[in-house]
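Residue numbers (this note's numbering): 89 to 490.
Virtual Cβ for every residue (Gly too), placed ideally from N, Cα, C.
Predicted model only: the values in this text are computed from it and were never measured.
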Amino acid sequence: MTNLETLVALAKRRGFIYPGSEIYGGLAGTWDYGHYGLALKNNLKNLWWQRFVTGREDIYGVDAAILMNQKVWQASGHTEKFSEIFQTQIGTGDDAAITYLRPETAQGMFVNFKNTVDSFHPTLPFGIAQIGKAFRNEIAPRDFLFRAREFEQMEIEYFVKPADWEKFFEYWRGEMLGWMRDIGLTSDKIHELEVPENDRAHYSKRTIDFEFDFPFGRKELCGLAYRTDFDLQNHRQASTVDLSYYNEETKERFVPHVIEPTFGLDRIILAVLTSAYTEDELGGEKRVFLKLKSELAPIKVAVFPLLKNKPELIAKARTVFNSLKAPTLGRDPDRSVGAITFDDNGNIGKRYRRQDEIGTPYCVTIDFQTLDDDTVTVRARDTGAQERVAVGELVDKIQNKK
Ligand code: ATP
């Protein structure tokens, strides 16, 4: 496993992640995602959303405001339990109201429980999912993305009948492990920790932390909590709005209980980068590459002209590049190879090294033979193996290998 400094350096060098406000000496606990880091982040968010929202019929999305009425934080217990939350004020002058940048996305889902029930009439069990920023002031930032002041969460509040909580707790445990496996986090690096009562959050009756072997040790990656009816009951009392659920079949009215799978997106990104970082030897030289799953890679294919000072090679490389890019732009989605880049910077060896470090699964090189027989070299990231492929078969080749 690599050390953290190596990962931080690679992330910066290759345009994944930069220290926040860097030209002013930085701001501890903040990180800015660059072009490739953002692509990786968006790919992860999309896979998560597909699996847990669009791929199912029982989970509804929400994108709640970060700023919430301060009564939300009083009802949730945050104002009482936490000393420094990020205080801000709404409006100016004497009648300005105090509120906080949210410390978790969960409350945005609880306050929309009634809206979701009224709009969609779901039957239990059902869930509300949200991806969004959260802010924590009382932490000591450290270990790169692991502990930041501003970070992103992907969370589900899954509402169940009180008697069903154990069944759905087990179900979500499996779902969480399944998703982690899907994004390439192998089970040997993930460890479940049953959190003892005195370490659990004030709202939780049972919590499992999924820990990951980070370069700085085994630490929490994501968690699964049984939040009982704590939040809905508190909001019901504080707001005086009825947050119960009526079961048409059994004619019962009750406040549902909640199972909460929560993923810290930035920690997931750090775990993915840690897992993907690979060093090996190719052609007698040491090389570094990110063995990212193709679905996560910021760039799927890089197209190069062999030499940058030969106009005929550049023109042909541009033609090949444009033909691969066109379906990606929506003209023919079935023939899309995904995100693609044109790279003629430096010599070919440098370009391979750059694309390896970005985690690009395939590099396509246009050389003099291409001008004769319309074939190109396709190089696979993981093995460095190269093969000759006809331009007309390029899409099939790349798609089949995905
Ligand atoms: P920890 O015990 O490490 O402080 P936590 O138990 O406070 O984490 P939760 O409140 O359960 O974390 O938040 C849900 C998820 O959000 C965590 O599993 C983690 O992935 C992520 N997370 C929490 N705090 C941070 C932070 N300061 N920076 C980055 N991600 C965080």
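In this structure, does DSSP put K159 in helix, strand or coil?
-> Numbered from its first residue, the sequence shown carries residue 159 at position 71. Helix, per DSSP.
In three-state terms, what does DSSP make of F257?
-> One-based indexing of the sequence shown puts residue 257 at position 169. Three-state DSSP puts F257 in a helix.
So, are the CB atoms of V466 and K485 less than 9 Å apart?
-> Start at 1 with the first residue of the sequence shown, and residue 466 comes out as number 378. Start at 1 with the first residue of the sequence shown, and residue 485 comes out as number 397. Their beta carbons are under 9 Å apart, which means V466 touches K485 by this criterion.
Backbone secondary structure at F234 - three-state DSSP = Mapped onto the sequence shown, residue 234 falls at position 146. Looking at F234 - three-state DSSP - the assignment turns out to be coil, as it is neither helix nor strand.
Using the DSSP secondary-structure output, state which residues sit across from E263 in a beta bridge.
-> Stepping through the sequence shown from its first residue, residue 263 is reached at position 175. Answer by DSSP bridge pairing: none, since E263 is not bridged.
Does the segment 340 to 355 touch the segment 175 to 187, meaning 3 or more C-beta pairs lie closer than 8 Å?
-> no
Measure the Cβ-Cβ separation of A478 and D455 and say whether it is below 9 Å.
-> Numbered from 1 along the sequence shown, position 390 holds the residue referred to as residue 478. Numbered from 1 along the sequence shown, position 367 holds the residue referred to as residue 455. Not closer than 9 Å, so no.
Tell me where the beta strand (DSSP E) around L281 begins and ends.
-> The count along the sequence shown starts at 1 and reaches residue 281 at position 193. Start and end: 278 to 282.
Since M242 sits in a beta bridge, which residues does DSSP pair it with?
-> Residue mapping note: residue 242 aligns to position 154 of the sequence shown, counting from 1. The partner list for M242 (beta bridge, DSSP) reads I219, F351.
Would you tell me roughly how many angstroms separate the C-alpha atoms of E285 and F304, rounded to the nearest one?
-> Position 197 of the sequence shown holds residue 285. Position 216 of the sequence shown holds residue 304. Rounded to whole angstroms, E285 to F304 spans 26 Å at the Cα level.
Does the Cβ of E243 have 16 or more other Cβ atoms within 10 Å, making it buried, or fewer, making it exposed?
-> What you label residue 243 is simply residue 155 of the sequence shown in a count that begins at 1. The residue is buried, with at least 16 neighbouring Cβ atoms inside 10 Å.
Taking the CB atoms as reference points, tell me whether K133 and I219 lie closer together than 9 Å.
-> Translated into the one-based positions of the sequence shown, residue 133 becomes position 45. Translated into the one-based positions of the sequence shown, residue 219 becomes position 131. Going by C-beta atoms, K133 is nearer than 9 Å to I219.
Any idea which residues DSSP pairs L189 with across the strands?
-> Here residue 189 refers to the residue found at position 101 of the sequence shown. DSSP lists L155 as partners of L189.
Can the beta-carbon of F232 be found less than 9 Å from the beta-carbon of L95?
-> In the sequence shown, counting from the first residue as 1, residue 232 sits at position 144. In the sequence shown, counting from the first residue as 1, residue 95 sits at position 7. Closer than 9 Å, so yes.
Relative to the ligand ATP, is the shortest distance from any of its heavy atoms to the C-beta of F140 smaller than 8 Å?
-> In the sequence shown, counting from the first residue as 1, residue 140 sits at position 52. Checking every heavy atom of the ligand ATP against the Cβ of F140, none is found closer than 8 Å.
Relative to the alpha-carbon of K493, which residue among K381, D432, K379, Q241 has its alpha-carbon at the smallest distance?
-> A query on residue 493 cannot be resolved here, the shown segment of the chain reaching from 89 to 490 and no further.
For G305, the three-state DSSP class (helix, strand or coil) = Position 217 of the sequence shown holds residue 305. DSSP places G305 in strand when its eight states are reduced to three.
Separation of S382 from K490, as counted between CA atoms = Stepping through the sequence shown from its first residue, residue 490 is reached at position 402. Stepping through the sequence shown from its first residue, residue 382 is reached at position 294. For K490, the predicted model reports a pLDDT of 44, less than 50, meaning its position is unreliable; a value from the coordinates is still stated below. The straight-line gap from Cα to Cα measures roughly 6 Å.
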